[in-house]
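Under my numbering, the very last position in the sequence shown is 457; numbers go up by exactly one each time.
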Amino acid sequence: MPVFQYTAVDSAGKERKGQIEAASEEAAKNELRQNRLYPTNVSQVQGAGKSTQTTTKKKKKGRTFTSEGLVIGTPKIRTKSLTTFTRQLATLLEAGLPLVRALRTLERQTKDVAERRVIREVAELVEGGSTFSEALKTHNKTFNHLYVNMVRAGEASGALEQVLARLAEYMEKSARIRGKVKSALVYPIAVLSIAGIITTGLLYFIVPKFEKMFKDILGDEGLPALTQFVIGVSDVIQHHILEAIGVLILLIILFIMFKKTKFGGYIIDFLALKMPPFGGLVTRSAVAKFCSTLSTLMASGVPVLSALQIVRDTAGNAAVANAVQAVHDAVKEGENMTKPLEETKVFPVMMVSMVEVGEETGRLPDMLSRVALVYEEEVDRAVEGMTALIEPMMIIVLGVLIGGIVLAMFMPLLKLMDKLGQ
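This is the structure in C-alpha cells:
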C-alpha cells in the first residue's frame, strides 16, 4: 500500500507532520480528517526520496512559496481586512450562497496573497467535512477566541449569517473607538517629543555660544538666576549626554520588564484607568469594549461563562481582565454580576446599575448593548474635548520651554545695556 507524507493542522491549531498508509491520496486525506487532522499538504513517498507534491507550496527557511507569490511565515489577515471579510461573508450568506461557495468567491476577489491563502485553506477544510469554526481555529493568529466562539454559536443556532453581521459590526465599532483613543493619546506625545528635540538642540548647540559670549563681555559679574539655571542644564547635556541617554534607556527597559510581570502589569493598567488627564478616556473605552463584547457574545448564543472568559482574554487591560475574572468566578458560584462588578472598583456606578436592571428584567444583552452605545458616545465627546484642550496646552508648553530659554539668554544682554546706559 502506498505511503504518504503529510502536513496537517489539528483542532488546536498546531501543525502535525508524519506518514500514513492509504490506497490513494484522497483516502489519506479522508483518514486524516477522521482523526481530526486537517491536511494542508499530502505527497506520496516514491522510491528513494521521490515525492509527488499535491500542492504548489514549498517551504524553505521559514518562507512559504505559492503559485501566487511569497508569504513570510504563517499567513495572517490584517484586522481591517478581516472586518471587511466578515462583513462580505455575512452579506453573501444572507443572499443565500452556500458557505463554501461564499468563501471561494471571497478568495477569488481578494488581491492580498496571505488573505487569499487563509481563505482557501479554510474553504478546503470545510469542503473536507470540517465545521467552519474548526477550520477557523487552524488559523488562530487571524481568528481569535471571540471570533471562533461566535461562529460556533452561530453554527449551533443556525443563524451564522446574523452572527457574522453582528461580529462585523462589533469589529467596526472596536476599530473606531481604538482609533479615536489612539489619536487622542498620540497627538500630545508627538508634540512633546518634538518640543523635547527642539529644546535639547537649543541647549546643546545655541546656549554654549551665548555662555562664552557672556564670559567674554561680563567677566565675573553675576548672571541672572534663570540664565544660570539654563546654562547649568546645558552643561549637563553637553558633558553627560551619553550617561543621560543610558539612564533613559535603562529606565525604559526596567519599565517594560516591570509591566511584563503580573503585578506590574496590573498596577500600570490600573493607574491608566485612574490617572488624569487620560484616565477617564481609557476607562470609558474599556467599559465600552467590555459591554460591547459581552453583549455581542451573549446575543449570539455563547454561554455567559464562556463569554466572560473571552471578554477577559480580549480585555487588553490587566486590571479589567482581573475584574472580569472576579465576575466570572462569582457567576460560576451562582451569583449575579452586579455585586462583583461593583466590588472591583473598576467599572462606573452607572454601568453597574444598568447591568443590574438588565439582569432583573432578563434583557442583559440588550442592556449591555445600550451601555456600550452610551460609553462609545462618551468616548467621542471625551476625545473632542481633550483635543480642544490639548492644543492650547501644547502651545503654552512650547512657549514656556523655548521662550524661557530665549528669555534666559537675553536677560544678561539687557543687564549689559543698562550698565552701558549708566
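Glycine is no exception: its CB is placed at the ideal position from the N, C-alpha and C atoms. Values in this document were obtained by computation on a predicted structure and should not be read as measured data.
Candidates SER269, ILE154, LYS309 and PRO338: which alpha carbon is nearest ALA191's?
-> If you number the sequence shown from 1, residue 191 lands on position 156. Selected option, being the one with the closest Cα: PRO338.
Taking C-beta to C-beta, are PRO110 and ARG152 nearer than 8 Å?
-> Position 75 of the sequence shown, counting from 1, holds the residue named residue 110. Position 117 of the sequence shown, counting from 1, holds the residue named residue 152. Contact flag set, yes.
Buried or exposed: PHE39, going by 16 or more other Cβ atoms within 10 Å of its Cβ?
-> Residue 39 sits at position 4 when you count from the first residue of the sequence shown. PHE39 is buried by the Cβ-count criterion.
Give the DSSP bridge partners of GLY53, in chain order.
-> Residue numbering aside, residue 53 sits at position 18 when the sequence shown is read from its first letter. TYR41.
Leaving aside the five residues before and after LEU308 along the sequence, list all residues of the same chain whose C-beta is less than 8 Å from its C-beta, in chain order.
-> Counting from 1 along the sequence shown, the entry for residue 308 is found at position 273. Same-chain partners within the cutoff: GLY314, VAL317, THR318, ALA321, ASN352, ALA354, VAL355 and VAL381.
Find the nearest neighbour of ALA342 within the set MET292, SER209, ARG187 and ALA279, judged by alpha-carbon distance.
-> For the purposes of this step, residue 342 is taken as residue 307 along the sequence shown, with counting starting at 1. Of the listed residues, the one whose Cα sits closest to ALA342 is ARG187.
Between the region 191-211 and the region 386-394, do three or more beta carbon pairs fall short of 8 Å?
-> no
Quick one: residues in its chain with C-beta nearer than 8 Å to the C-beta of MET333, no 5 flanking neighbours on either side, listed in chain order?
-> Walking along the sequence shown from the start, residue 333 turns up at place 298. VAL339, ALA342, LEU399, PRO400 and LEU403, listed in sequence order.
Report the partner residues of TYR73 according to the DSSP bridge assignment.
-> The residue given as residue 73 occupies position 38 in the sequence shown. For TYR73, which the question treats as bridged, DSSP gives the partners VAL44.
Any heavy atom of the ligand GTP closer than 7 Å to the Cβ of ILE437?
-> The ligand GTP is not part of this structure, which contains no ligands at all.
Status (buried if at least 16 other CB within 10 Å, exposed otherwise) for MET421 = One-based indexing of the sequence shown puts residue 421 at position 386. With 16 or more Cβ atoms within 10 Å of its Cβ, MET421 is classed as buried.
Of all the alpha helix (DSSP H) runs that stay within the bounds of the region 351-381, which reach a length of 4 or more residues?
-> 353-367 and 373-378
With distances taken from CA atoms, which of ALA137, VAL148 and ALA149 is nearest PHE167?
-> Along the sequence shown, one-based indexing puts residue 167 at 132. Here the closest residue by C-alpha is ALA137.
Name the residue from ARG51, THR121, THR114 and GLU413 whose alpha carbon lies nearest to the alpha carbon of LEU202.
-> Here the question's residue 202 lines up with position 167 in the sequence shown. Cα-wise, what sits closest to LEU202 is THR121.
Identify the continuous alpha helix (DSSP H) that holds THR121 and give its terminal residues.
-> Locating residue 121 in the sequence shown gives position 86, where the first residue counts as 1. First-last of the alpha helix (DSSP H) with THR121: 114-129.
C-beta atoms of THR464 and MET446 nearer than 8 Å = Lying outside 36 to 457, the shown extent of the chain, residue 464 is not represented and no answer is given.
Under the three-state reduction of DSSP, which class applies to VAL153: helix, strand or coil?
-> Residue mapping note: residue 153 aligns to position 118 of the sequence shown, counting from 1. DSSP places VAL153 in helix when its eight states are reduced to three.
Could you tell me the distance, in whole angstroms, from the CA atom of LYS95 to the CA atom of LEU286?
-> Along the sequence shown, one-based indexing puts residue 95 at 60. Along the sequence shown, one-based indexing puts residue 286 at 251. Here LYS95 scores only 39 on pLDDT, less than 50, and its place in the model should not be relied on; the value that follows carries that caveat. Approximately 40 Å between the Cα atoms of the pair.
By Cβ distance, which residues of its chain are closer than 6 Å to ILE272, with the 5 residues on each side in sequence left out?
-> Indexing the sequence shown from 1 puts residue 272 at position 237. So the list reads LEU238 and TYR239, once near-sequence residues are dropped.
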